[in-house]
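Colleague: From first to last, the protein sequence lines stand for chains A and B. According to the working numbering, the first sequence is numbered sequentially starting from 10. According to the working numbering, the second sequence is numbered sequentially starting from 10. Positions of the beta carbon are idealized from the N, C-alpha and C atoms, including for glycine. Since this is a predicted model, take the numbers as computed values, not measurements. This is the structure I want to talk about, given as structure tokens.
2 protein chains.
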Amino acid sequence: MSLAVSPLAPERFPDMPDVAGVELFTGATGTYKGGRDNVLLARFTPGTAVAGVLTRSRCASAPIEWCRQHLPGGVARGLVVNAGNANAFTGIKGAVSTRAVADHAAGLIGCSADEMFLGSTGVIGEPLDPAPLMRVLDGMDLARPKGLEAAARTIMTTDTFAKGAIRTVVLDGQTVTIAGIAKGSGMIAPDMATMLSFIFTDAPVAAPVLQALLSRHIETSFNAITVDSDTSTSDTCLLFATGAANGVAPIAKLDDPRADAFGDALHEVLLDLALQIVRDGEGANKFIKVEVTGAESDKSAAIIGRSIANSPLIKTAIAGEDANWGRVVMAVGKAGEPADRDRLRISFGPHLVADQGVRSPDYSEADVSAYMKGQELEISVDLGLGSGQAVIYTCDLTHGYIAINADYRS
Amino acid sequence: MSLAVSPLAPERFPDMPDVAGVELFTGATGTYKGGRDNVLLARFTPGTAVAGVLTRSRCASAPIEWCRQHLPGGVARGLVVNAGNANAFTGIKGAVSTRAVADHAAGLIGCSADEMFLGSTGVIGEPLDPAPLMRVLDGMDLARPKGLEAAARTIMTTDTFAKGAIRTVVLDGQTVTIAGIAKGSGMIAPDMATMLSFIFTDAPVAAPVLQALLSRHIETSFNAITVDSDTSTSDTCLLFATGAANGVAPIAKLDDPRADAFGDALHEVLLDLALQIVRDGEGANKFIKVEVTGAESDKSAAIIGRSIANSPLIKTAIAGEDANWGRVVMAVGKAGEPADRDRLRISFGPHLVADQGVRSPDYSEADVSAYMKGQELEISVDLGLGSGQAVIYTCDLTHGYIAINADYRS
Numbered sequence: 010m011s012l013a014v015s016p017l018a019p020e021r022f023p024d025m026p027d028v029a030g031v032e033l034f035t036g037a038t039g040t041y042k043g044g045r046d047n048v049l050l051a052r053f054t055p056g057t058a059v060a061g062v063l064t065r066s067r068c069a070s071a072p073i074e075w076c077r078q079h080l081p082g083g084v085a086r087g088l089v090v091n092a093g094n095a096n097a098f099t100g101i102k103g104a105v106s107t108r109a110v111a112d113h114a115a116g117l118i119g120c121s122a123d124e125m126f127l128g129s130t131g132v133i134g135e136p137l138d139p140a141p142l143m144r145v146l147d148g149m150d151l152a153r154p155k156g157l158e159a160a161a162r163t164i165m166t167t168d169t170f171a172k173g174a175i176r177t178v179v180l181d182g183q184t185v186t187i188a189g190i191a192k193g194s195g196m197i198a199p200d201m202a203t204m205l206s207f208i209f210t211d212a213p214v215a216a217p218v219l220q221a222l223l224s225r226h227i228e229t230s231f232n233a234i235t236v237d238s239d240t241s242t243s244d245t246c247l248l249f250a251t252g253a254a255n256g257v258a259p260i261a262k263l264d265d266p267r268a269d270a271f272g273d274a275l276h277e278v279l280l281d282l283a284l285q286i287v288r289d290g291e292g293a294n295k296f297i298k299v300e301v302t303g304a305e306s307d308k309s310a311a312i313i314g315r316s317i318a319n320s321p322l323i324k325t326a327i328a329g330e331d332a333n334w335g336r337v338v339m340a341v342g343k344a345g346e347p348a349d350r351d352r353l354r355i356s357f358g359p360h361l362v363a364d365q366g367v368r369s370p371d372y373s374e375a376d377v378s379a380y381m382k383g384q385e386l387e388i389s390v391d392l393g394l395g396s397g398q399a400v401i402y403t404c405d406l407t408h409g410y411i412a413i414n415a416d417y418r419s
Numbered sequence: 010m011s012l013a014v015s016p017l018a019p020e021r022f023p024d025m026p027d028v029a030g031v032e033l034f035t036g037a038t039g040t041y042k043g044g045r046d047n048v049l050l051a052r053f054t055p056g057t058a059v060a061g062v063l064t065r066s067r068c069a070s071a072p073i074e075w076c077r078q079h080l081p082g083g084v085a086r087g088l089v090v091n092a093g094n095a096n097a098f099t100g101i102k103g104a105v106s107t108r109a110v111a112d113h114a115a116g117l118i119g120c121s122a123d124e125m126f127l128g129s130t131g132v133i134g135e136p137l138d139p140a141p142l143m144r145v146l147d148g149m150d151l152a153r154p155k156g157l158e159a160a161a162r163t164i165m166t167t168d169t170f171a172k173g174a175i176r177t178v179v180l181d182g183q184t185v186t187i188a189g190i191a192k193g194s195g196m197i198a199p200d201m202a203t204m205l206s207f208i209f210t211d212a213p214v215a216a217p218v219l220q221a222l223l224s225r226h227i228e229t230s231f232n233a234i235t236v237d238s239d240t241s242t243s244d245t246c247l248l249f250a251t252g253a254a255n256g257v258a259p260i261a262k263l264d265d266p267r268a269d270a271f272g273d274a275l276h277e278v279l280l281d282l283a284l285q286i287v288r289d290g291e292g293a294n295k296f297i298k299v300e301v302t303g304a305e306s307d308k309s310a311a312i313i314g315r316s317i318a319n320s321p322l323i324k325t326a327i328a329g330e331d332a333n334w335g336r337v338v339m340a341v342g343k344a345g346e347p348a349d350r351d352r353l354r355i356s357f358g359p360h361l362v363a364d365q366g367v368r369s370p371d372y373s374e375a376d377v378s379a380y381m382k383g384q385e386l387e388i389s390v391d392l393g394l395g396s397g398q399a400v401i402y403t404c405d406l407t408h409g410y411i412a413i414n415a416d417y418r419s
């Protein structure tokens with residue numbers, strides 16, 4: 010099935026210059042029609058630090074286990090990603106295949122296999138033959154690196170557009186870059202990060218600081234999105250810091266004030282990529298921001314936000330451009346978190362629809378209906394209990410989602 | 010929107026004779042097109058015991074709060090149910106309306122309002138004017154009771170067929186009857202009971218025994234079904250025991266051996282009704298039984314079963330008749346419960362598809378694909394960890410669900 014580009018897609022891929030210390034190469038195993046590239050190799054300059062967050066799925070893929078094993082080392086020289094086969098639920102064969110690819114790529118780069126990181130996305134349960142991958146790696150011209158857009162296209166599966174984001178931040182008077190790519194469209198309810206995302210920076214940041222910043226900012230970016238409530242076996246977000254920027258002293262501690270500046274820019278890249286995944290949600294026609302305030306805690310607010318964002322009845326109502334706030338009441342009620350019906354305030358965009366346990370007296374169905382025709386919608390719920398808050402991002406549930414996931418034969 | 014009868018509907022409503030001690034009356038407020046009846050009054054003989062389970066939603070409806078307040082009394086003389094307006098999220102007005110209807114019906118029956126029970130189903134957030142309901146109650150001919158099928162039709166909303174179930178059990182050499190009706194189609198993921206279900210028996214069972222048996226058997230019946238993971242604000246299951254059966258000594262204690270016999274028959278009625286609700290799941294084309302075994306505990310098995318049964322990716326794959334067991338792996342993995350990928354066994358019906366962390370060597374795609382064309386499907390997952398088990402029932406997720414919930418304007 011060939012999919013039309015999401016109506017919520019950004020106009021174009023951002024301008025993304027290369028990141029110093031990172032070289033990207035792509036190739037094709039022939040898995041995809043038209044022979045499009047589906048294997049990515051990244052080569053990092055010596056001294057590159059790495060941090061990562063990985064799925065909490067109990068049925069994690071072989072590359073997830075590989076990364077989990079090698080992240081504590083904090084050092085990376087390379088990354089191999091393949092699209093088309095997730096190498097998940099492939100047992101001992103999967104682990105063998107993972108080691109073979111890591112060993113082979115390490116040989117090409119001239120590093121230890123422990124310094125190679127891996128990502129796979131695609132079909133679950135299909136054994137991954139490492140031979141074609143190794144042949145593609147052998148065939149890459151390591152003298153001719155490619156750009157980030159080519160890399161972003163290489164890791165796509167059911168994505169309808171390539172996803173990239175870039176920010177710069179000035180440290181010690183020098184501009185450093187944080188550039189990221191991501192893929193993901195369905196099976197999106199990351200519990201650590203989304204399907205696959207790789208962030209590169211030339212800033213010199215020590216691995217423990219990198220990890221702390223990534224873990225902090227993932228919560229309000231990748232962990233704040235949901236397309237279909239289905240958490241993948243392969244969610245991966247890896248962050249590589251080459252330190253190749255000139256004239257910037259290493260950031261070795263989290264309380265270095267530059268860590269905050271770097272962290273803020275990192276958060277912008279993570280959130281930008283995460284929202285692009287929502288905008289490419291399978292079948293999505295509407296982008297929905299769910300804002301919960303006044304909860305007993307931030308955690309409680311996030312659970313309620315997720316209950317709203319994952320409700321099929323709310324997502325279908327929005328697909329139907331119906332401000333069905335009764336379903337929002339339902340989703341707040343079912344979340345199991347502290348809520349007092351008689352203090353609940355619900356708004357769609359600027360329109361207050363429910364207040365103090367009843368329909369708002371100012372409610373105008375015509376105004377709200379006009380608002381619902383928009384492509385970017387906001388649902389705000391105030392619980393009136395405390396100061397806990399959260400924002401969750403999602404999309405609507407349409408015939409397109411059913412078409413993508415049911416109207417096919419595998 | 011007028012809906013075609015679900016392809017999973019039973020052939021016909023069961024033969025359901027009247028239950029001694031119960032009289033049923035119906036009438037119409039004119040809410041529904043064609044003036045179909047949408048108000049049910051039940052009158053019970055003096056001495057009728059009552060038990061109930063109610064939604065755990067934090068945004069429960071006014072009739073739920075009424076029932077929660079009066080269930081501890083254990084005594085019922087009447088029941089009023091209306092379809093078309095849920096009287097949920099209606100604030101103080103909702104409570105006033107509930108009391109007005111209870112007082113009025115109590116006057117007609119000649120009992121205390123405390124002995125009246127109430128149920129409402131339909132739109133959330135619309136104030137419920139009690140006057141039309143009271144007029145309909147006044148207009149009922151209390152000399153001419155109606156049958157259980159008429160009662161079942163009266164409480165329908167988006168249901169495509171009326172739901173009833175009946176069992177008999179012999180106590181003290183006498184046959185007693187347990188007859189139930191239910192309604193529900195969408196917003197079905199009961200966390201106590203489903204939308205609305207009313208069970209009537211002429212057995213003489215004391216209220217505390219009745220409550221204990223209902224609470225025990227609800228877990229593996231109404232609480233084991235899900236259509237769309239959306240728990241209603243109004244889920245209600247009430248059980249009335251008139252004691253009007255002749256020659257049966259009262260069951261006053263839970264350790265009376267007759268309580269088990271009665272409980273088993275009660276469970277059959279509850280499960281029968283619950284499965285009818287799944288069979289009327291919005292847009293459903295397939296009935297799915299998810300069986301989880303080998304979990305660390307029954308509770309853990311139920312969480313995993315629900316994770317599978319609520320997964321949109323699994324439900325759409327089944328709609329597409331695809332044995333996509335990779336998605337089952339995903340749903341086991343995301344459930345957050347103990348699971349060991351390398352011990353997992355997954356079957357579709359009689360076909361073992363995955364074993365010990367990899368695709369089964371015996372897997373035949375042709376055989377499994379043929380199985381998936383059936384209307385009644387079974388997914389079995391064995392975790393290989395312990396003896397915990399659970400069964401969850403659900404339906405597929407189709408274009409029909411989207412059509413019902415998105416392709417309309419409210």
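(1) Ordered along the chain, which non-local residues of its own chain (more than five positions away) have a Cβ less than 8 Å from that of B/R350?
(2) Strictly by DSSP, which residues pair up with B/Y402?
(3) A/L88 and A/L146 - do their beta-carbons sit closer together than 9 Å?
(4) Going along chain B in order, which residues have a C-beta closer than 9 Å to the C-beta of A/S241?
(5) Strictly by DSSP, which residues pair up with B/S4?
(6) Quick one: residues in its chain with C-beta nearer than 8 Å to the C-beta of B/G44, no 5 flanking neighbours on either side, listed in chain order?
(7) Taking 9 Å as the CB-CB cut-off, is B/L406 touching chain A?
(8) Quick one: complete beta strand (DSSP E) runs, 3+ long, within the stretch 250-291 of chain B?
(9) Rounded to whole angstroms, what is the Cα-Cα separation between A/T130 and B/D376?
(10) Less than 9 Å between CB atoms is the rule here; does B/S66 satisfy it with respect to chain A?
(11) Say whether chain B places a C-beta atom closer than 9 Å to the C-beta of A/I411.
(12) Is B/P26 closer than 9 Å to B/G186 when the C-beta atoms are compared?
(13) A/I227 and A/P23 - do their beta-carbons sit closer together than 9 Å?
(14) Could you tell me the distance, in whole angstroms, from the CA atom of B/F296 to the CA atom of A/S316?
(15) Who pairs with B/C68 in a beta bridge, going by DSSP?
(16) With a cut-off of 8 Å, do at least 3 Cβ pairs link the stretch 58-67 of chain B to the stretch 146-162 of chain B?
(17) For A/G335 and B/G103, I'd like the C-alpha separation in whole angstroms.
(18) Is any beta-carbon of chain A found at less than 9 Å from that of B/L127?
(19) For A/T403, which option in A/G83, A/L17 and A/L12 has the closest C-alpha, if you only look at C-alpha atoms?
(20) Could you check what DSSP says for B/N414 in three-state terms: helix, strand or coil?
(21) Just the chain A side, please: which residues come within less than 8 Å of B/G134 by C-beta, in chain order?
(22) Please report whether the beta-carbon of B/L353 lies at a distance below 9 Å from any beta-carbon of chain A.
(23) What are the residues in the stretch 19-39 of chain B lying within 7 Å of chain A by C-beta distance?
(24) Going by beta carbon distance, what residues of the same chain come within less than 6 Å of B/V28, once the five residues before and after it are set aside?
(25) How far does the alpha helix (DSSP H) with B/L146 in it extend, from its first residue to its last?
(26) My understanding is that A/S194 touches A/T167, with C-beta atoms under 8 Å, so please give their C-beta distance in whole angstroms.
(27) Could you give the first and the last residue of the continuous beta strand (DSSP E) run that contains B/T183?
(28) So, at 7 Å on beta carbons, what are the nonlocal neighbours of B/Q183 in its own chain, with the 5 sequence-adjacent residues on each side left out?
(29) Return the residues of the stretch 311-322 of chain B that lie within a Cβ-Cβ distance of less than 7 Å from chain D, sorted by chain order.
(30) The stretch 88-118 of chain A: which residues have C-beta closer than 9 Å to a C-beta of chain B, in chain order?
(31) List in chain order: all unbroken alpha helix (DSSP H) runs of 4+ residues lying wholly within the stretch 153-185 of chain A.
(32) Between the stretch 379-395 of chain A and the stretch 297-310 of chain A, are three or more C-beta pairs nearer than 8 Å?
(33) Could you spell out where the alpha helix (DSSP H) holding A/S316 opens and where it closes?
(34) Could you please tell me which residues of the stretch 384-396 of chain B, in chain order, have their CB closer than 7 Å to any CB of chain A?
(35) For B/D289, which residues of its own chain have a beta-carbon under 8 Å away from its beta-carbon, when the five flanking residues on both sides are left out?
(36) Under the assumption that B/I313 contacts B/F357 (Cβ atoms under 8 Å), give the Cβ distance between them as a whole number of angstroms.
Modeller: Judging by the given coordinates:
(1) In the second sequence, counting from the first residue as 1, residue 350 of chain B sits at position 341. Hits under 8 Å: V338, G342 and G366.
(2) For the purposes of this step, residue 402 of chain B is identified with residue 393 of the second sequence, where counting begins at 1. Per DSSP, B/I234 and B/K298.
(3) In the first sequence, counting from the first residue as 1, residue 146 of chain A sits at position 137. In the first sequence, counting from the first residue as 1, residue 88 of chain A sits at position 79. Not in contact: A/L146 and A/L88 (Cβ atoms no closer than 9 Å).
(4) For the purposes of this step, residue 241 of chain A is identified with residue 232 of the first sequence, where counting begins at 1. Within chain B, the residues near A/S241 are M339, G342 and K343.
(5) Here chain B comprises residues numbered 10 to 419, so residue 4 of chain B is not present and cannot be evaluated.
(6) Working through the second sequence from its first residue, we reach residue 44 of chain B at position 35. Contacts found: A37.
(7) Within the second sequence, the letter at position 397 stands for residue 406 of chain B. Taking Cβ atoms only, chain A reaches closer than 9 Å to B/L406, which makes this a yes.
(8) none
(9) Residue numbering aside, residue 130 of chain A sits at position 121 when the first sequence is read from its first letter. Residue numbering aside, residue 376 of chain B sits at position 367 when the second sequence is read from its first letter. For A/T130 and B/D376, the distance between alpha carbons rounds to 27 Å.
(10) Taking the first residue of the second sequence as 1, we reach residue 66 of chain B at position 57. Taking Cβ atoms only, chain A reaches closer than 9 Å to B/S66, which makes this a yes.
(11) Position 402 of the first sequence, counted from the start, is the residue given in the question as residue 411 of chain A. So, interface residue.
(12) Sequence index remark: in the second sequence, residue 186 of chain B carries index 177 (1-based). Sequence index remark: in the second sequence, residue 26 of chain B carries index 17 (1-based). This sequence places Thr at residue 186 of chain B; Gly is not what is there. Yes. Within cutoff.
(13) In the first sequence, counting from the first residue as 1, residue 23 of chain A sits at position 14. In the first sequence, counting from the first residue as 1, residue 227 of chain A sits at position 218. Not closer than 9 Å, so no.
(14) As a working note, residue 296 of chain B is residue 287 in the second sequence. As a working note, residue 316 of chain A is residue 307 in the first sequence. Answer to the nearest angstrom: the Cα atoms are 25 Å apart.
(15) Along the second sequence, read from residue 1 onward, the residue named residue 68 of chain B stands at position 59. DSSP, once it has assigned bridges, lists no residue as partnering B/C68.
(16) Contact fails: fewer than three Cβ-Cβ distances are below 8 Å.
(17) Here residue 335 of chain A refers to the residue found at position 326 when the first sequence is read from its first residue. Here residue 103 of chain B refers to the residue found at position 94 when the second sequence is read from its first residue. Going from the Cα of A/G335 to the Cα of B/G103 covers about 15 Å.
(18) Taking the second sequence and counting its residues from 1, one reaches residue 127 of chain B at position 118. Under the 9 Å criterion on CB atoms, B/L127 is classed as non-interfacial with respect to chain A.
(19) Locating residue 403 of chain A in the first sequence gives position 394, where the first residue counts as 1. The shortest Cα separation from A/T403 among A/G83, A/L17 and A/L12 belongs to A/L17.
(20) As a working mapping, residue 414 of chain B is identified with position 405 in the second sequence. Reduced to three states, the DSSP call for B/N414 is helix.
(21) Along the second sequence, one-based indexing puts residue 134 of chain B at 125. The answer, in chain order, is W334, G335, V338, A363, V367 and R368.
(22) As a first step, residue 353 of chain B is located in the second sequence; it is residue number 344 there, counting from the start. So yes, B/L353 belongs to the interface.
(23) none
(24) Residue mapping note: residue 28 of chain B aligns to position 19 of the second sequence, counting from 1. Correct list, in chain order: T186, A188, F209 and D211.
(25) Taking the second sequence and counting its residues from 1, the one referred to as residue 146 of chain B is at position 137. B/L146: member of the alpha helix (DSSP H) spanning P139 to G148, first to last residue.
(26) Translated into the one-based positions of the first sequence, residue 194 of chain A becomes position 185. Translated into the one-based positions of the first sequence, residue 167 of chain A becomes position 158. Confirmed, about 5 Å.
(27) Position 174 of the second sequence, counted from the start, is the residue given in the question as residue 183 of chain B. The question names Thr, but residue 183 of chain B is Gln in the sequence shown. Q183 to K192 is the extent of the beta strand (DSSP E) around B/Q183.
(28) Start at 1 with the first residue of the second sequence, and residue 183 of chain B comes out as number 174. Once the five neighbours on either side are set aside, the close Cβ partners of B/Q183 are A254, N255, G256 and V257.
(29) In the structure shown, chain D cannot be found, because the protein chains are A and B.
(30) A95, A97, F98, T99, G100, I101, K102 and G103
(31) 157-163
(32) yes
(33) For the purposes of this step, residue 316 of chain A is identified with residue 307 of the first sequence, where counting begins at 1. Counted as a single uninterrupted DSSP element, the alpha helix (DSSP H) harbouring A/S316 occupies residues D307 to A318.
(34) Considering only beta carbons, no part of the stretch 384-396 of chain B lies closer than 7 Å to chain A.
(35) Stepping through the second sequence from its first residue, residue 289 of chain B is reached at position 280. Closer than 8 Å at Cβ, skipping near neighbours: S15, L17, A18, D168, T169, F170, K172, G193 and S194.
(36) Your numbering for residue 313 of chain B matches position 304 in the second sequence. Your numbering for residue 357 of chain B matches position 348 in the second sequence. Not quite, the Cβ-Cβ distance comes to about 16 Å (not below 8 Å), so this is no contact.
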